[in-house]
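Protein chains in written order, with this note's numbering: chain C, 21 to 304; chain B, 146 to 447. Even for Gly, the Cβ is constructed at its ideal location relative to N, Cα and C.
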Amino acid sequence: MNLAYKRSLSSTVIQITIYGFLAFWALVVVFPMIWVLVSSFKTDQEIFFSPWTPPAKLMWDNFARAWGKANMGRYLFNTLTVNLPAIFFTLLFSAMAGYVLARYTFPGNRLIFYAFLGGMLFPVMLALVPLFFLLQSLKIIDSHFGLILVYIAYSLPFTVFFMTGFFKTLPTELLEAAIIDGANHYQLFFQIVIPLAQNGLVSMGIFNFLGMWNQYILPLVLLTSSAKYVLSQGLAFLAHQQRYQSDWSGLFAAITIVMLPTLIVYIIFQNQIQRGLTVGALKG
Amino acid sequence: MYKHKYRVIIPFLAPAVILYLVFVIYPYGRSMYNSLTSWKGVSANQPFVGLANYVRMINDEFFWNALKHNLGYLIFIPIVTISLSLFLAFMINQRIRFSKLFRVTFFFPQVISIISVGVLWSYIYHPTVGILTSLGKALRMEPFFQLFGFEGIPVWMGDPRTVRYAIAAVVIWQAAGFYMVLFLAAMEAIPQSFYEAAIIDGANRWHQFWHVTLPLLWDTMQTALVFAGLGAFDMFAITRVMVISGSSTGRPADVLATYLYEQAFEASRFGYATAIAVALFVLMLTLSVFTMRVTRREAVEY
Chain C
21 MNLAYKRSLS STVIQITIYG FLAFWALVVV FPMIWVLVSS FKTDQEIFFS
71 PWTPPAKLMW DNFARAWGKA NMGRYLFNTL TVNLPAIFFT LLFSAMAGYV
121 LARYTFPGNR LIFYAFLGGM LFPVMLALVP LFFLLQSLKI IDSHFGLILV
171 YIAYSLPFTV FFMTGFFKTL PTELLEAAII DGANHYQLFF QIVIPLAQNG
221 LVSMGIFNFL GMWNQYILPL VLLTSSAKYV LSQGLAFLAH QQRYQSDWSG
271 LFAAITIVML PTLIVYIIFQ NQIQRGLTVG ALKG
Chain B
146 MYKHKYRVII PFLAPAVILY LVFVIYPYGR SMYNSLTSWK GVSANQPFVG
196 LANYVRMIND EFFWNALKHN LGYLIFIPIV TISLSLFLAF MINQRIRFSK
246 LFRVTFFFPQ VISIISVGVL WSYIYHPTVG ILTSLGKALR MEPFFQLFGF
296 EGIPVWMGDP RTVRYAIAAV VIWQAAGFYM VLFLAAMEAI PQSFYEAAII
346 DGANRWHQFW HVTLPLLWDT MQTALVFAGL GAFDMFAITR VMVISGSSTG
396 RPADVLATYL YEQAFEASRF GYATAIAVAL FVLMLTLSVF TMRVTRREAV
446 EY
C-alpha cells in the first residue's frame, strides 16, 4: 500500500464525512417545512393517524378554509397595507436624512447622527408601554396608520446609519457637474443621487421588509381588534384558537400560506436577500 | 458649492428627526420615568414611588425565574449556534460540489417568519400529531428516555424539564444558517496565499482551520457573539408563540420579555413592567460592552 493510495483513502473518508454531515443538516432544515407543506394537503384523520404517508387526495379545501374562514387572506392584505408604505417612507426619509448628514456640514450634524446611532442600543421592549399610551392619546392606537408611523420610526436608526455611510462613498465630481449644469438641490437629489443609491436602497428595502414581515411584538401591542391583525399576529392567534378546535389541516395550510411567499422570493433573489439580511451584522 | 443649504438641510432632515423624536426617543425617556411610578394606566396621575418597583422586582420570584431562563439561553444558545454554523461554513468552504445548494438551503429558516417557525415547531413537538413523537415511537426510544426519568417519549412543550431545550433547539435551527453566511463571507475574504503558505509548512485541514481561518475570523466572531447574546435576552416572539400554540405550562418557559409583557398588558402593572424593561436594557447593554471588552485583541491585519 503506497502513500498516495493511503492519502486518497483518507481524503475519501473526509469527503464522505463532510457530505454526510451537510446532507444531514440539509435534511434537518428542509424536513419540517416539507412536513408542513405535505400535511397542509391532508385530511385531519390522515394528519392524526398516518403522519408519515402522503395524502390520498389533495385537500385544496384546507387552503380555502385558511384563506377565508380563518382570515389569512385578510391578514395578508393588512400586512401589505402596513409594510409597503412603511418601507417606502423608511427608504425615502432615511435617504433624505442620510444624504444631508453625509454631504452637508452644519452645527448639530454629528449630534443627530449619533442620536440615530444610539437608537440601535435600546430594545423595543423598553419603549412598549409609553408607545401604547402615546398612540392612544394621539388617537392612532389600533390603526394601520399608527403602526406604519411606528414601523418607520423604528426602522430609521439603522437605515439612516447605513444610507449616511453609503452617500459618503459617492463620487463628488458627478454631483458638482450637475450643479454646474444648473440643477437645483431637489433635482440633484431625486434625479442624480437616488438612482446612484439604488443598490443601497435595495439592500435596505429587503432588510426592512423581512424585519417588518417578522415583526410580532409591535402589532401585538398596537393592534387590538382582530380584523386589523397582520399576518404574523393572525397566525399566532389562529394557532392559539386551534388548540381548542383542532382544525389541524386548516392550520397547516395557514402556516404554508405564511411560509411560502418569502421562501419563493428568496429562492429567486437568493444573493440579494442573503446580502440584505446579513448587512446589519456586517456593517454593525 | 451649495447655496442656501438650510433650505435643503431642514426639510430633508425634518421627517426622519420628528418621527424619531416622537416615537422612539420620547417613549424611551418616558420609560425611565414610568419605572419610578406605580402607574396602573387608568388614572391620569402617576403616583411617584421612587425605587419601590425595583425593590419589588428584587423580591419577585417570577422575575428571578425568568431571568434565570434568559441566562441559561445566554450560555447555551450562542455556544451551540456559533460552533454549528462555524462548522457548516468551514465544510462548505472546502471547495466541495453543491456548495451553493447547501448554502442556499441552510439559509431557508431565516426567510420564513419567526411566528410561522414557532407554530410549525410547536406541532412538530405536539404529543399526538407531532412527527417527533411518532419518530420516537417508531424507533422504540421509550426505554432511552426512561433512563432520564421520563415516562416515555417526553411531552416536549408541556414538560418543564424539556420546554426550554425545545425552544432553544428551534432558535438554533433558525439561526445557524444566518451565522454560517456571515462566517462564509469572512472566510472567502481570506487570501488563498495564506493557506498555500500553511500547506507548505505541512499544515493539515485542522491546523489550517485553527491557525489560519479562526484567528482571521475574530471580528466576525465578536459580532456573532453579541448578536446571539442579545437574541438570548429577547426570545419574546418565539417563546410567546410556542407557549400559546403548544404548551400547557407558562412559567417554566418565561423569559424577562414575556414576563414584562404579561405584567404590562395582561395585569396592567405598567410601572412595574417598565422597571423590568429597564433591567432588561441594562443587562443587554452590559452584555454588549462585556463581550466587546473580553473578545478584544490585537486585530490581525491582512
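Start-to-end residues for the alpha helix (DSSP H) that takes in residue i
| i | result |
| --- | --- |
| M387 of chain B | F381 to G391 |
| S176 of chain B | Y171 to N179 |
| G64 of chain C | The displayed chain sequence assigns Asp, not Gly, to residue 64 of chain C. Here the alpha helix (DSSP H) through D64 of chain C covers D64 to F69. |
| G220 of chain C | Q218 to N234 |
| T192 of chain C | T192 to I200 |
| S246 of chain C | No alpha helix (DSSP H) holds S246 of chain C; DSSP gives it neither H nor E. |
| Y124 of chain C | First-last for Y124 of chain C: undefined, no H or E at that position. |
| S228 of chain B | E206 to I237 |
| Y340 of chain B | Q337 to I345 |
| W87 of chain C | D81 to W87 |
| R396 of chain B | Here R396 of chain B belongs to no alpha helix (DSSP H), and DSSP marks it neither H nor E. |
| G303 of chain B | No alpha helix (DSSP H) contains G303 of chain B, which DSSP labels as neither H nor E. |
| R438 of chain B | F415 to V439 |
| L208 of chain C | No alpha helix (DSSP H) holds L208 of chain C; DSSP gives it neither H nor E. |
| I155 of chain B | Y151 to Y165 |
| L270 of chain C | First, the residue type needs correcting, since residue 270 of chain C is Gly and not Leu in the sequence shown. Counting along the chain, the alpha helix (DSSP H) containing G270 of chain C begins and ends at W268 to I288. |
| M183 of chain C | H164 to K188 |
Nearest-angstrom Cβ-Cβ length linking residue i and residue j, presumed shorter than 8 Å
| i | j | result |
| --- | --- | --- |
| G270 of chain C | R85 of chain C | 5 Å |
| M314 of chain C | L425 of chain B | For chain C, the structure presents residues 21 to 304; residue 314 of chain C sits outside this window and is missing. |
| A117 of chain C | A342 of chain B | Not quite, the Cβ-Cβ distance comes to about 47 Å (not below 8 Å), so this is no contact. |
| L265 of chain B | P71 of chain C | Rounded, the Cβ-Cβ distance is 14 Å, inconsistent with contact. |
| T192 of chain C | A122 of chain C | That belief does not hold up - the Cβ atoms of T192 of chain C and A122 of chain C are roughly 11 Å apart, past 8 Å. |
| L170 of chain C | L238 of chain C | Sequence check: residue 170 of chain C is Val here, not Leu. Confirmed, about 6 Å. |
| Y171 of chain B | L154 of chain C | 7 Å |
| L181 of chain B | V194 of chain B | 7 Å |
| L375 of chain B | M437 of chain B | About 12 Å separates the two Cβ atoms, so there is no contact after all. |
| F328 of chain B | T365 of chain B | 6 Å |
| F97 of chain C | N82 of chain C | Their Cβ separation, rounded to whole angstroms, is 20 Å, which puts F97 of chain C and N82 of chain C out of contact at 8 Å. |
| I168 of chain C | A106 of chain C | 5 Å |
Own chain partners of residue i with C-beta closer than 6 Å, once the 5 adjacent residues on each side are dropped
| i | result |
| --- | --- |
| L112 of chain C | none |
| V180 of chain C | S114, A117, G118 and F136 |
Contacting residues, own chain, Cβ-Cβ under 8 Å from residue i (five flanking each side not counted)
| i | result |
| --- | --- |
| S245 of chain C | D162 |
| Q235 of chain C | Y171, V250 and S252 |
| M202 of chain B | F208, Y417, A420, I421 and A424 |
| E287 of chain B | G281, G297 and I298 |
| N179 of chain B | Q191, F415, G416 and T419 |
| Q291 of chain B | G297 |
| I317 of chain B | I222, V225, T226 and L229 |
| I259 of chain B | Q319, A382, I383 and V386 |
| F68 of chain C | W268 |
Beta-carbon proximity list for residue i, same chain, < 7 Å, skipping 5 on both sides
| i | result |
| --- | --- |
| I293 of chain C | I226 and Y286 |
| G93 of chain C | W87 |
| M302 of chain B | S267, Y270, V308, A311, M387, G391 and S392 |
| M146 of chain B | Interpretation of M146 of chain B is limited by its pLDDT of 48, a score under 50 that renders its predicted location unreliable; the figure taken from the coordinates is listed afterwards. Taken in chain order, the list of residues that qualify is empty. |
| L194 of chain C | I212 |
| N91 of chain C | G254 |
Closer than 8 Å at the beta carbon, the chain D residues around residue i
| i | result |
| --- | --- |
| W266 of chain B | Looking for chain D here will not work: the only protein chains present are C and B. |
Heavy atom of the ligand MN within 8 Å of residue i beta-carbon
| i | result |
| --- | --- |
| M429 of chain B | Absence of the ligand MN is noted for the structure shown, with no ligands found whatsoever. |
Q | Three or more C-beta pairs below 8 Å linking the region 390-406 of chain B and the region 243-256 of chain B | A | No: fewer than three Cβ pairs fall under 8 Å.
Q. If you measure beta-carbon to beta-carbon, which residues of the region 260-278 of chain C are closer than 7 Å to chain B?
A. Correct list: H260, R263, W268, I275 and V278.
Q. Between the region 399-407 of chain B and the region 279-294 of chain B, are three or more C-beta pairs nearer than 8 Å?
A. No: fewer than three Cβ pairs fall under 8 Å.
Q. Three or more C-beta pairs closer than 8 Å, one from the region 162-173 of chain B and one from the region 121-129 of chain C: is that the case here?
A. Verdict: no, contact absent.
(Q) Is it the case that the region 226-238 of chain B contacts the region 34-49 of chain C, given that we only count it when at least three CB pairs across the two stretches are under 8 Å? (A) Taking 8 Å as the limit for Cβ pairs, the verdict is that the region 226-238 of chain B does touch the region 34-49 of chain C.
Q) Using a Cβ cut-off of 8 Å, which residues of the region 138-149 of chain C contact any Cβ in chain B, in chain order? A) Cβ contacts with chain B come from G139, L141, F142, P143, M145, L146, A147, L148 and V149.
Q) Taking contact to mean at least 3 C-beta pairs separated by less than 8 Å, is the region 274-289 of chain C in contact with the region 204-217 of chain C? A) Three or more beta-carbon pairs separated by less than 8 Å are not found between the region 274-289 of chain C and the region 204-217 of chain C, which leaves the two stretches without contact.
Q. Is the region 224-239 of chain C close to the region 171-178 of chain C, with three or more CB pairs under 8 Å?
A. Enough Cβ pairs lie closer than 8 Å, so yes.
Q: Assess, as a yes-or-no matter, whether the region 373-390 of chain B is touched by the region 251-269 of chain B under the definition of 3 or more beta carbon pairs within less than 8 Å.
A: Counting Cβ pairs under 8 Å, three or more are found: they touch.
Q | Members of the region 278-290 of chain C that neighbour chain B once the beta carbon cut-off is set at 7 Å | A | Listed in sequence order: V278, M279, T282, L283, Y286 and Q290.
Q | Residues in the region 223-252 of chain C having any Cβ partner in chain B nearer than 9 Å | A | The region 223-252 of chain C vs chain B, Cβ under 9 Å: L230, W233, N234, Q235, Y236, I237, L240, V241, L251 and S252.
Q: Please confirm if the region 362-381 of chain B is in contact with the region 321-329 of chain B, defined as three or more CB-CB distances below 8 Å between the two stretches.
A: The region 362-381 of chain B is in contact with the region 321-329 of chain B.
Q. The region 165-179 of chain B: which residues have C-beta closer than 8 Å to a C-beta of chain C, in chain order?
A. Within the region 165-179 of chain B, the residues whose Cβ lies closer than 8 Å to some Cβ of chain C are Y165, V167, F168, V169, I170, Y171, P172, Y173, R175, S176 and N179, listed in chain order.
Q: Output, in sequence order along the chain, the residues in the region 214-242 of chain B whose CB is closer than 9 Å to any CB in chain C.
A: Within the region 214-242 of chain B, the residues whose Cβ lies closer than 9 Å to some Cβ of chain C are L229, F232, L233, M236, I237, Q239, I241 and R242, listed in chain order.
Q | Interface residues of the region 295-307 of chain B facing chain C [CB-CB below 7 Å] | A | Taking 7 Å as the Cβ-Cβ cut-off against chain C, none of the residues of the region 295-307 of chain B qualify.
Q | Where the region 113-125 of chain C meets chain B: residues whose CB sits under 7 Å from a CB there | A | For the region 113-125 of chain C, residues whose beta-carbon sits nearer than 7 Å to a beta-carbon of chain B comprise F113, S114, M116, A117, Y119, V120 and Y124.
Q: Quick one: which residues of the region 401-417 of chain B get their C-beta closer than 7 Å to a C-beta of chain C? List them in chain order.
A: Hits within the stretch, in order: A402, L405, A409, F410 and F415.
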